[in-house]
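Below: the structure, in C-alpha cells.
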Ligand code: GLU
C-alpha cells in the first residue's frame, strides 16, 4: 500500500490540506503502507521554494513524516513521454481556440441553456486547417479525448460513484506554452510511484473520472480512490485557502499544540468522538468507513479547548526542553503548579514572572498583610506551608474564605486569579513573599 499527499507549494498549508495529509498518514499507518510527499509544483509562476520549505516544516511539526519526496518539475520528462503515448493513441489532440473564443462559446452555450461543454471543434479540423492556424503563429494546447461514457468506481468513502464524462469538457492537459496542468502529471506520477490509494477531498471527484480514463490509457491497474467531504467552518461556511488564520503556521503561532491538532483533524467528520489520542491509537482505529458523508466542521474553539487539555496532561519530562527554550525555570514543581492554568504553552512565561518577579503587589488590606508577614513560617517551604500559614492567619485575623485569600493572592501575585498559591509559595520563597507583603515590587 502506498499513499501520497500532493500539496502545491503556492501557499502555506492550511487545516484543510493538513487534514488530507493526516488522513493519508493514518491510512498508511493502519495498512502498513508508505507515504509519498509529492510537491505539485508544475505551476512555475505560483510555486515558491519558500512555500515548499514551509510545507515540510509544518508537516514535521504536525508529526507527519514521509518515506519519499518527489517534485513534479523534476519528472517533466516522464510527463512528456506519457503525453506522447496519449497522442499516439489519438487520446490527446491539439486545439487552437484562444481563451476569448472559448469564453464566447461558453456564453453562447449558456444563453442557449446548453451545458458549457467544449464542442470538440478542434477534433474536426483538417490537417490543412491546422497547418493554416499554425502558419498564423497559433500554438495549440492539448486536450484529452474523454470516452463520453459513464466512469464508475468504488470509492472507499462514497461507495459506488458514477460520472458521465459526456457531461465534461475534454480537459486541457498541456498549455500552449508546453507546460502541464495538474491532471496528467498527477496520473503519471501516481502510476510510476506505484500509488495504491488516492485519498483526497471530494472537490476532486470529477477529476477522478477524468483521471481514471487517463489511468486506463496508461496503466494496467487502477488505484483505489477515497474522497472525503471537505472541512467547513462552524456555521457551514467554506474554509478558504486564503484565510491566513487557518494556516498551520498561524495556528502554531497562536499556540495550538501540534498533537492536539493532529488528534482533532483525525476525528472530526468521523463517527468517532474527538479525543486526545496519540498517533498510534488514532491510526489503529482508522477506517474509511468511519468517515462521514457530511462536511466536517472545523471549530477553532473546540480545538483550542483540546489543545489546553493536552497541556494539562503533559508530564514535565515532555515539556522540559520547551520550558527551557522559553526561559522558564522552576523545574517540575513550577510546571505542576501552573499546568492546570494554561491555555497555551507560552502562558508559562507570564506565570514564571509571578515566581521570578518583579511583580507589582497589590496591598488591599495592610493590616492583614502585616499579620501574614509576622506569621510566615520559616523555610524550608513545602506543600503544607500554605495551609499552616493561612490556618494560623485565619485564627489570628478572624478572616476566612475570600476575605482571607483574595488579599493574599493580590499581595503575592498582583493578580486576582492564578495558579494555586499553595504550590507557588515554595517557588516564590520566603524573602520575596515578605517583600511583596510589604508592597515591594520584587
Ligand atoms: N496538488 C493537488 C491539490 O492540491 C493534488 C490533488 C491530488 O491529490 O491529486 O489539489
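Residue numbers (our numbering): 90 to 531.
Backbone N, C-alpha and C define an ideal beta-carbon position, used for all residues, glycine too.
Asked	Found
Does the segment 231–249 come close enough to the segment 98–107 to have 3 or more Cβ pairs within less than 8 Å?	no
Using 7 Å as the threshold, is the C-beta distance between residue 318 and residue 384 below it?	yes
What does a CB cutoff of less than 8 Å around residue 361 pick up in its chain, not counting 5 residues either side in sequence?	374, 379
Do residue 252 and residue 261 have their CB atoms nearer than 7 Å?	no
Nearest-angstrom Cα distance between residue 94 and residue 288?	8 Å
By Cβ distance, which residues of its chain are closer than 6 Å to residue 225, with the 5 residues on each side in sequence left out?	none
Measuring straight from C-alpha to C-alpha, what distance separates residue 150 and residue 410?	15 Å
Give the straight-line distance between the Cα atoms of residue 394 and residue 439, rounded to the nearest whole angstrom.	20 Å
Roughly how many angstroms separate the alpha carbons of residue 315 and residue 152, rounded to a whole number?	22 Å
Does DSSP put residue 90 in a helix, a strand or coil?	coil
Measuring CA to CA, which of 190, 202, 209 is closest to residue 181?	209
Can the beta-carbon of residue 349 be found closer than 7 Å to that of residue 371?	no
Given the structure, does residue 268 come close to the ligand GLU, in the sense that its CB is under 6 Å from one of the ligand's heavy atoms?	no
As a quick exercise: from 297, 468, 459, pick the residue whose alpha carbon is nearest that of residue 272.	297
Starting from the C-beta of residue 282, find all residues in its chain whose C-beta is less than 6 Å away, skip the five residues before and the five after it, and write them out in chain order.	125
Comparing the CB of residue 95 with every heavy atom of the ligand GLU, is any distance shorter than 6 Å?	yes
Any heavy atom of the ligand GLU closer than 6 Å to the beta-carbon of residue 435?	no
With DSSP collapsed to three states, give me the class of residue 216.	helix
What separation, rounded to the nearest whole angstrom, lies between the Cα atoms of residue 467 and residue 510?	17 Å
With three or more beta-carbon pairs closer than 8 Å as the criterion, would you say the segment 445–455 touches the segment 473–480?	no
Hey, residue 204 and residue 195 are a contact pair by Cβ (cut 8 Å); roughly how many whole angstroms apart?	Wrong, their Cβ atoms sit about 10 Å apart, outside the cutoff.
Relative to the C-alpha of residue 168, which residue among 268, 189, 183, 145 is closest?	268
What residue ranges within the segment 298–333 form continuous alpha helix (DSSP H) runs of no fewer than 4 residues, ordered along the chain?	none
CA-CA distance, residue 331 and residue 135?	Residue confidence is low: residue 331 scores 48 on pLDDT, short of 50, so the model does not pin down where it sits. Its coordinate-derived value is still stated next. If you take the alpha carbons of residue 331 and residue 135, they lie about 14 Å apart.
Out of curiosity, what's the CA-to-CA distance linking residue 322 and residue 164?	37 Å
In or out: residue 101 buried (at least 16 other Cβ within 10 Å) or exposed?	buried
Is it right to say residue 58 is buried, meaning 16 or more other beta carbons lie within 10 angstroms of its own, or is it exposed?	In this structure the chain extends from 90 to 531, so residue 58 is not present and cannot be described.
Using a Cβ-based criterion (distance less than 6 Å to any ligand heavy atom), does residue 132 qualify as near the ligand GLU?	no
Output the distance between the C-alpha atoms of residue 397 and residue 412, rounded to the nearest integer angstrom.	16 Å
Whose C-beta lies closer than 6 Å to the C-beta of residue 432 among residues of the same chain, with five residues either side of it excluded?	397
Go through its chain and collect everything with a Cβ distance to residue 419's Cβ below 7 Å, but skip five positions before and after it.	441, 444, 516
Along the chain, where does the beta strand (DSSP E) containing residue 233 start, and where does it finish?	230–233
Of the choices 295, 255, 307, 257, whose alpha-carbon is the least far from that of residue 583?	With the chain covering 90 to 531 only, the question about residue 583 has no answer from this structure.
Sort 242, 301, 274 by Cα distance to residue 236 and report the nearest one.	301
Within 10 angstroms of its Cβ, does residue 401 collect 16 or more other Cβ (buried), or is it exposed?	exposed
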